[in-house]
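> Oh and the sequence shown: position 8 is 9 in my numbering, straight run, nothing missing. Before I ask anything, here is the structure I am working with.
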Amino acid sequence: GQPLDKCTFKDYAPGANYTLTENKELKPEEGKSYGAGFVWSPTNKFDISVDYWDIKIDNLVTNLSEDKILRLEADCRLGNQDINSAACIDALARVERNPANAVVDPNVIKNINIVPINAASDHTRGIDFTSRWRWKTDSFGNFLWTINYSR
(Lines of atoms letter the chains of each structure in order from A and count residues from 1; the text may use other names and numbers.)
(Lines give C-alpha, C1' and ligand atoms only; values in the text may rest on other atoms or scores of the structure.)
Protein backbone atom coordinates (compact mmCIF):
# COMPACT_ATOMS: atom_id res chain seq x y z
CA GLY A 1 0.00 0.00 0.00
CA GLN A 2 0.82 3.65 -0.05
CA PRO A 3 1.31 5.91 2.95
CA LEU A 4 -1.86 7.99 3.39
CA ASP A 5 -0.08 11.34 2.87
CA LYS A 6 1.23 10.11 -0.52
CA CYS A 7 -1.96 8.34 -1.62
CA THR A 8 -3.45 10.05 -4.65
CA PHE A 9 -6.95 8.90 -3.71
CA LYS A 10 -6.96 10.01 -0.05
CA ASP A 11 -9.21 13.02 -0.70
CA TYR A 12 -10.72 11.70 -3.88
CA ALA A 13 -14.13 13.26 -3.47
CA PRO A 14 -14.44 15.66 -0.55
CA GLY A 15 -18.04 16.79 -0.53
CA ALA A 16 -19.21 14.22 -3.08
CA ASN A 17 -22.46 12.48 -2.42
CA TYR A 18 -22.76 8.73 -2.33
CA THR A 19 -25.96 7.04 -3.40
CA LEU A 20 -26.68 3.45 -2.46
CA THR A 21 -29.33 2.02 -4.74
CA GLU A 22 -30.97 -1.34 -5.26
CA ASN A 23 -29.72 -4.04 -7.57
CA LYS A 24 -32.64 -5.92 -9.11
CA GLU A 25 -30.27 -8.64 -10.32
CA LEU A 26 -28.89 -9.27 -6.82
CA LYS A 27 -29.23 -12.88 -5.73
CA PRO A 28 -29.70 -13.81 -2.07
CA GLU A 29 -26.77 -15.26 -0.19
CA GLU A 30 -27.12 -18.99 0.23
CA GLY A 31 -25.23 -21.11 2.66
CA LYS A 32 -24.98 -24.70 3.77
CA SER A 33 -23.04 -26.02 6.69
CA TYR A 34 -22.47 -29.50 7.99
CA GLY A 35 -20.71 -30.72 11.04
CA ALA A 36 -20.10 -33.86 13.01
CA GLY A 37 -18.02 -34.64 16.01
CA PHE A 38 -17.48 -36.72 19.06
CA VAL A 39 -16.02 -36.50 22.54
CA TRP A 40 -14.19 -39.37 24.19
CA SER A 41 -13.73 -39.18 27.98
CA PRO A 42 -11.96 -42.28 29.27
CA THR A 43 -11.68 -40.63 32.71
CA ASN A 44 -13.07 -37.54 34.39
CA LYS A 45 -9.56 -36.02 34.12
CA PHE A 46 -9.00 -36.49 30.38
CA ASP A 47 -11.05 -36.01 27.21
CA ILE A 48 -10.52 -35.70 23.47
CA SER A 49 -12.91 -34.08 21.01
CA VAL A 50 -12.82 -34.16 17.22
CA ASP A 51 -15.12 -32.06 15.05
CA TYR A 52 -15.45 -31.98 11.26
CA TRP A 53 -17.05 -28.94 9.66
CA ASP A 54 -17.93 -28.00 6.09
CA ILE A 55 -19.30 -24.55 5.19
CA LYS A 56 -20.28 -23.33 1.74
CA ILE A 57 -21.60 -19.84 0.96
CA ASP A 58 -22.70 -18.69 -2.50
CA ASN A 59 -23.54 -15.22 -3.81
CA LEU A 60 -21.82 -13.28 -1.02
CA VAL A 61 -23.29 -9.75 -1.04
CA THR A 62 -21.05 -6.71 -0.75
CA ASN A 63 -20.90 -3.12 -1.97
CA LEU A 64 -18.30 -2.00 -4.45
CA SER A 65 -16.02 0.40 -2.60
CA GLU A 66 -15.78 4.03 -3.67
CA ASP A 67 -12.03 3.57 -3.97
CA LYS A 68 -12.36 0.62 -6.36
CA ILE A 69 -14.94 2.43 -8.49
CA LEU A 70 -12.77 5.56 -8.74
CA ARG A 71 -9.58 3.65 -9.49
CA LEU A 72 -11.33 1.76 -12.30
CA GLU A 73 -12.86 4.98 -13.63
CA ALA A 74 -9.40 6.60 -13.67
CA ASP A 75 -7.89 3.58 -15.45
CA CYS A 76 -10.64 3.78 -18.08
CA ARG A 77 -10.26 7.53 -18.64
CA LEU A 78 -6.44 7.28 -18.77
CA GLY A 79 -6.49 4.43 -21.30
CA ASN A 80 -5.19 1.73 -18.95
CA GLN A 81 -8.44 -0.19 -19.55
CA ASP A 82 -10.54 -0.50 -22.70
CA ILE A 83 -13.06 2.32 -22.30
CA ASN A 84 -15.65 0.28 -24.23
CA SER A 85 -15.39 -2.73 -21.90
CA ALA A 86 -18.36 -3.63 -19.69
CA ALA A 87 -16.32 -2.79 -16.57
CA CYS A 88 -15.46 0.71 -17.86
CA ILE A 89 -18.99 1.42 -19.03
CA ASP A 90 -20.23 0.46 -15.56
CA ALA A 91 -17.57 2.51 -13.71
CA LEU A 92 -18.12 5.59 -15.88
CA ALA A 93 -21.87 5.37 -15.26
CA ARG A 94 -21.35 5.15 -11.49
CA VAL A 95 -19.27 8.35 -11.21
CA GLU A 96 -21.15 11.58 -11.92
CA ARG A 97 -18.89 14.59 -12.57
CA ASN A 98 -19.36 18.25 -13.36
CA PRO A 99 -18.91 18.93 -17.07
CA ALA A 100 -15.34 19.53 -18.28
CA ASN A 101 -16.35 23.02 -19.42
CA ALA A 102 -18.05 23.98 -16.13
CA VAL A 103 -17.09 27.45 -14.89
CA VAL A 104 -16.87 26.22 -11.29
CA ASP A 105 -15.19 22.94 -10.40
CA PRO A 106 -14.84 21.33 -13.84
CA ASN A 107 -14.72 17.50 -13.69
CA VAL A 108 -15.29 17.48 -9.92
CA ILE A 109 -17.14 14.41 -8.65
CA LYS A 110 -20.74 15.20 -7.77
CA ASN A 111 -21.97 11.73 -6.91
CA ILE A 112 -20.81 8.12 -6.74
CA ASN A 113 -23.49 5.48 -7.27
CA ILE A 114 -22.95 2.36 -5.22
CA VAL A 115 -24.98 -0.81 -5.60
CA PRO A 116 -24.64 -4.12 -3.80
CA ILE A 117 -23.27 -6.97 -5.89
CA ASN A 118 -22.82 -10.71 -5.60
CA ALA A 119 -19.06 -10.77 -5.20
CA ALA A 120 -17.96 -14.30 -4.51
CA SER A 121 -18.53 -17.74 -3.15
CA ASP A 122 -16.60 -19.49 -0.43
CA HIS A 123 -16.21 -23.11 0.57
CA THR A 124 -14.14 -24.18 3.52
CA ARG A 125 -13.92 -27.33 5.58
CA GLY A 126 -11.72 -28.66 8.28
CA ILE A 127 -11.18 -30.60 11.44
CA ASP A 128 -10.79 -29.31 14.99
CA PHE A 129 -9.04 -31.48 17.54
CA THR A 130 -8.96 -30.70 21.25
CA SER A 131 -7.58 -32.64 24.18
CA ARG A 132 -7.87 -31.63 27.83
CA TRP A 133 -6.15 -32.96 30.85
CA ARG A 134 -7.21 -31.82 34.34
CA TRP A 135 -5.46 -32.40 37.58
CA LYS A 136 -5.63 -31.15 41.15
CA THR A 137 -2.85 -30.60 43.62
CA ASP A 138 -3.14 -30.03 47.33
CA SER A 139 -0.52 -27.27 47.36
CA PHE A 140 -0.97 -25.39 44.06
CA GLY A 141 -4.65 -25.72 43.11
CA ASN A 142 -6.28 -27.01 39.96
CA PHE A 143 -4.63 -27.21 36.54
CA LEU A 144 -5.95 -27.65 33.03
CA TRP A 145 -3.72 -28.48 30.09
CA THR A 146 -5.34 -28.07 26.67
CA ILE A 147 -4.10 -28.80 23.16
CA ASN A 148 -6.04 -27.43 20.17
CA TYR A 149 -5.39 -28.14 16.52
CA SER A 150 -7.33 -27.01 13.46
CA ARG A 151 -6.82 -27.88 9.85
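Glycine included, C-beta positions come from ideal geometry on N, C-alpha and C.
1) Restricting to Cα atoms, I'd like to know which of Arg95, Trp136, Tyr150 is closest to Asn18.
2) Could you say which of Glu31, Ile70, Leu79, Leu73 lies nearest to Ile56 if we only look at CA atoms?
3) Helix, strand or coil, according to DSSP, for Glu31 in the structure here?
4) For a test of the three-state rule: what should DSSP assign to Lys69, helix, strand or coil?
5) Could you give the residue range of the alpha helix (DSSP H) that holds Arg95?
6) Which whole-angstrom value describes the C-beta separation of Leu61 and Asn119, a residue pair presumed to lie in contact below a C-beta threshold of 8 Å?
Let me lay it out:
1) Arg95
2) Glu31
3) strand
4) helix
5) 87-95
6) Rounded, the Cβ-Cβ distance is 7 Å, consistent with contact.
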